[in-house]
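S.K.: In our numbering, the protein residues as written are 16 to 229. We put the CB at the ideal spot given by N, CA and C, even for glycine.
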């Protein structure tokens with residue numbers, strides 16, 4: 016079996032992806048970012064980045080605006096269209112209000128002008144990574160909850176929905192046209208299958224499954 020390419024970052028390891036056509040800038044920023052213990056992968060242009068990027072990777076993208084062939088903003092907007100959730104920190108030596116507006120509209124975490132303030136850059140990268148990790152954790156929780164709810168029977172899901180809406184066993188029984196004892200049986204099964212032991216936990220799993228958990 017061939018070994019995995021070292022250019023592809025593990026999805027579980029936060030990595031800073033640095034895209035800038037200036038070799039000196041990449042070297043300087045890569046060294047700076049490395050001093051805080053973060054892994055860095057640098058690329059001279061967006062095409063090189065796209066050729067190796069794993070959408071499942073966790074981290075932050077530090078992106079120069081003005082580059083030949085494909086600009087940083089074009090790359091950012093392409094990633095947004097494709098549903099890539101990697102946070103972006105935009106850096107430029109030619110910033111203006113229109114460029115800044117486009118960057119933030121596409122979801123940039125921060126917009127910094129060169130020469131980049133080192134502390135501001137590290138703070139922006141830290142925010143981006145924390146945001147990304149939290150987002151991925153919520154996504155994983157949502158998928159797990161959806162899978163658990165999907166594994167319930169159709170009747171159990173009906174009972175679950177009514178419980179979450181605040182219906183008592185008797186009210187649920189009248190709504191579904193079944194006995195209160197049958198509702199109790201389904202309710203117990205729902206609690207067991209979802210691995211919860213309180214109403215609050217049950218409601219949270221349900222809300223997570225529909226993407227509405229706080």
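Taking just the CA atoms, how far does residue 153 sit from residue 170?
M.R.: Along the chain shown, one-based indexing puts residue 170 at 155. Along the chain shown, one-based indexing puts residue 153 at 138. For residue 170 and residue 153, the distance between alpha carbons rounds to 27 angstroms.
S.K.: Could you tell me whether the Cβ atoms of residue 182 and residue 208 are closer together than 8 angstroms?
M.R.: Taking the first residue of the chain shown as position 1, residue 182 is located at position 167. Taking the first residue of the chain shown as position 1, residue 208 is located at position 193. No, they are not a contact pair.
S.K.: Closer than 8 angstroms is the cut-off here; do at least three beta carbon pairs connect the segment 104-115 with the segment 57-64?
M.R.: In short, these stretches do not touch, since the Cβ pair count stays below three.
S.K.: Which same chain residues, not among the five before or five after residue 148, have their C-beta less than 8 angstroms away from its C-beta?
M.R.: Locating residue 148 in the chain shown gives position 133, where the first residue counts as 1. Excluding residues within five positions, the ones whose Cβ falls inside 8 angstroms are 29, 73.
S.K.: Tell me, which residues are paired with residue 178 by DSSP?
M.R.: Here residue 178 refers to the residue found at position 163 of the chain shown. DSSP output for residue 178 lists no bridge partner at all.
S.K.: Taking 7 angstroms as the cut-off, does the CB of residue 177 come closer than this to any heavy atom belonging to the ligand MG?
M.R.: Here there are no bound small molecules, and the ligand MG is not part of this structure.
S.K.: Whole angstroms are fine: how far does the CA of residue 194 sit from the CA of residue 204?
M.R.: The sequence position of residue 204 within the chain shown is 189, counting from 1. The sequence position of residue 194 within the chain shown is 179, counting from 1. C-alpha separation (whole angstroms): 16 angstroms.
S.K.: Quick one: is residue 22 buried, meaning 16 or more other Cβ sit within 10 Å of its Cβ, or exposed?
M.R.: Residue numbering aside, residue 22 sits at position 7 when the chain shown is read from its first letter. Reliability of the predicted coordinates at residue 22 is poor, the pLDDT of 39 falling under 50, and no value is obtained from them.
S.K.: Assuming residue 160 and residue 220 are in contact, meaning their beta carbons sit under 8 angstroms apart, how far apart are those beta carbons, in whole angstroms?
M.R.: One-based indexing of the chain shown puts residue 160 at position 145. One-based indexing of the chain shown puts residue 220 at position 205. Residue 160 to residue 220, Cβ: 5 angstroms. Contact.
S.K.: Buried or exposed, going by whether 16 or more other CB atoms sit within 10 Å of the CB of residue 97?
M.R.: Against the chain shown, residue 97 aligns to sequence position 82. It counts as exposed.
S.K.: Among 50, 178, 86, 215, which residue has its Cα nearest to the Cα of residue 63?
M.R.: Mapped onto the chain shown, residue 63 falls at position 48. It is 86 whose Cα lies nearest to the Cα of residue 63.
S.K.: Measuring straight from C-alpha to C-alpha, what distance separates residue 137 and residue 79?
M.R.: On the chain shown, residue 137 is found 122 positions in, with the first residue counted as 1. On the chain shown, residue 79 is found 64 positions in, with the first residue counted as 1. Taking the straight line from one Cα to the other gives about 16 angstroms.
S.K.: Compute the distance between the beta-carbons of residue 144 and residue 75, then report whether it is under 8 angstroms.
M.R.: Taking the chain shown and counting its residues from 1, the one referred to as residue 144 is at position 129. Taking the chain shown and counting its residues from 1, the one referred to as residue 75 is at position 60. Contact flag set, yes.
S.K.: Apart from the five residues on each side of it in sequence, which residues of its chain come closer than 8 angstroms, Cβ to Cβ, to residue 190?
M.R.: The residue given as residue 190 occupies position 175 in the chain shown. Excluding residues within five positions, the ones whose Cβ falls inside 8 angstroms are 177, 182.
S.K.: Per DSSP, what kind of secondary structure is residue 42 in: helix, strand or coil?
M.R.: Mapped onto the chain shown, residue 42 falls at position 27. Helix, per DSSP.
S.K.: Along the alpha helix (DSSP H) that carries residue 74, what are the first and last residues, could you check?
M.R.: If you number the chain shown from 1, residue 74 lands on position 59. Careful: residue 74 lies outside any alpha helix (DSSP H), inside the beta strand (DSSP E) at 74-79.
S.K.: Can you name, in chain order, every residue of its own chain whose Cβ lies under 7 angstroms from the Cβ of residue 223, other than the five neighbours on each side?
M.R.: Here residue 223 corresponds to residue number 208 of the chain shown, with the count starting at 1. Same-chain partners within the cutoff: 156, 157, 160.
S.K.: Is the separation between the beta-carbon of residue 174 and that of residue 198 shorter than 8 angstroms?
M.R.: The residue given as residue 174 occupies position 159 in the chain shown. The residue given as residue 198 occupies position 183 in the chain shown. Yes; because the gap between Cβ atoms is below 8 angstroms, this pair is in contact.
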